[in-house]
Amino acid sequence: MRIHFLQHVAFETPGLIGEWAGQRGHALTGTRLDLGEPLPALDSFDLLLVMGGPMSVNDEDVHAWLRPEKQLIADAMAAGKFVIGICLGSQMLAGVLGSAIYRNKEKEIGWFPVHTTGAGSLFEGMPSEFTVFHWHGDTYDIPKGAVHLATTAGCRSQAFETERCLGLQFHLEMTEGIIKDLLVQCAADLGAGAYQQPADGIRLEMWRLAQTRTLLFALLDRVSSRVFVVA
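If you read the sequence shown in the UniProt record's numbering, its first letter stands for residue 1, the second for the next number, and so on.
Below is the structure:
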């Protein structure tokens with residue numbers, strides 16, 4: 001399988017997804033949109049991965065690449081490709097599918113439990129509750145026709161699926177290195193909100209990465225069964 005990721009900043013990489021791809025024998029390539037690299041051709045990948053970033057989906061006047069990126073996402077799904085969106089990427093997916101993207105009532109930063117809805121097929125076998133890493137201030141409405149997969153106390157829209165996509169507001173792909181970079185590069189986001197952990201608290205719960213790795217690999221194995229691979 002050919003996986004291509006769209007990256008928006010240096011410190012939000014595919015992380016553990018790269019490890020999974022290597023173990024499963026999948027090819028992994030990427031585009032750094034923030035560096036002006038061109039978008040991939042539609043026939044060059046089977047699975048499109050849209051990463052996170054500190055910008056807003058609505059910042060098209062600031063980041064000119066947002067509009068063509070959204071068009072690629074729409075074209076990929078229309079062509080029968082599968083798209084995974086993480087954090088900013090999930091917001092892009094929701095927007096492409098017709099939902100509004102807006103500020104959440106609270107920023108959600110740190111390790112917080114996710115509760116699954118029991119719906120959908122991609123989350124089959126997932127625990128009813130699991131604690132994962134979050135870092136976002138925006139949210140979205142679950143797209144019309146999509147299956148709502150998960151929620152948290154601080155943010156209702158945490159995951160959704162359609163036949164051709166999976167949106168994850170939270171982060172299963174994180175590594176210790178990525179989190180450490182976020183704590184430096186996005187330190188201004190940290191505050192005293194109800195769903196914001198201090199940096200020291202985030203570091204103390206890095207041990208949770210082993211569990212999220214297990215959940216991620218199982219989820220990606222299920223996703224791969226939906227991907228049509230061009231020989």
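We put the CB at the ideal spot given by N, CA and C, even for glycine.
In three-state DSSP terms, what is residue i?
i      : result
Ala194 : coil
Glu106 : strand
Thr214 : helix
Asp43  : helix
Ala159 : strand
Val132 : strand
Asp138 : strand
Val227 : coil
Arg32  : strand
Leu172 : coil
Ala188 : helix
Where residue i and residue j are concerned, what is the direct C-alpha to C-alpha distance, given to the nearest angstrom?
i           : j      : result
residue 233 : Leu172 : Residue coverage of the chain in this structure runs from 1 to 231, which leaves residue 233 outside it and unanswerable.
Glu161      : Ser44  : 23 Å
Tyr140      : Tyr102 : 6 Å
Thr29       : Glu19  : 13 Å
Pro113      : Arg208 : 11 Å
Arg24       : Ala218 : 12 Å
Ala192      : Ala199 : 11 Å
Lys70       : Met92  : 7 Å
Gln197      : Leu204 : 11 Å
Ser99       : Lys144 : 8 Å
Trp111      : Leu168 : 15 Å
Lys180      : Gly137 : 19 Å
Phe123      : Leu149 : 7 Å
Ser225      : Ala21  : 14 Å
Met55       : Val62  : 9 Å
Identify which residue in the options has its Cα closest to the Cα of residue i.
i      : options                           : result
Arg2   : Arg32, Leu42, His8 and Pro38      : Leu42
Thr152 : Arg164, Glu124, Val184 and Glu106 : Glu106
Leu190 : Gln91, Phe170 and Ile109          : Ile109
Leu6   : Leu88, Met126 and Gly22           : Leu88
Arg32  : Arg226, Asp46, Pro14 and His26    : Pro14
Gly80  : Gly98, Glu163 and Ser121          : Glu163
Val147 : His134, Cys165, Cys155 and Val132 : Cys165
Met126 : Leu35, Gly22 and Leu215           : Leu215
Leu39  : Gly22, Trp65, Asp59 and Ala27     : Trp65
Gln185 : Trp135, Gln158 and Val62          : Trp135
Phe133 : His63, Met206, Ser90 and Val96    : Met206
Glu176 : Ala187, Ala74 and Ile202          : Ile202
Which first and last residues belong to the beta strand (DSSP E) in which residue i is found?
i      : result
Leu7   : Reading off the sequence shown, one finds Gln at residue 7, where the question assumed Leu. Element bounds for Gln7: Arg2 to Gln7.
Arg208 : Note, Arg208: premise wrong, no beta strand (DSSP E); not H, not E.
Ala146 : Careful: Ala146 lies outside any beta strand (DSSP E) and carries neither H nor E.
Leu168 : Cys165 to Leu168
Can you tell me where the alpha helix (DSSP H) holding residue i begins and where it ends?
i      : result
Gly201 : Ala199 to Leu204
Gly154 : Unbroken run through Gly154: none, as it is neither H nor E.
Ranges of the alpha helix (DSSP H) found wholly within the region 54 to 123, counting only runs of at least 4: 66 to 78 and 88 to 96
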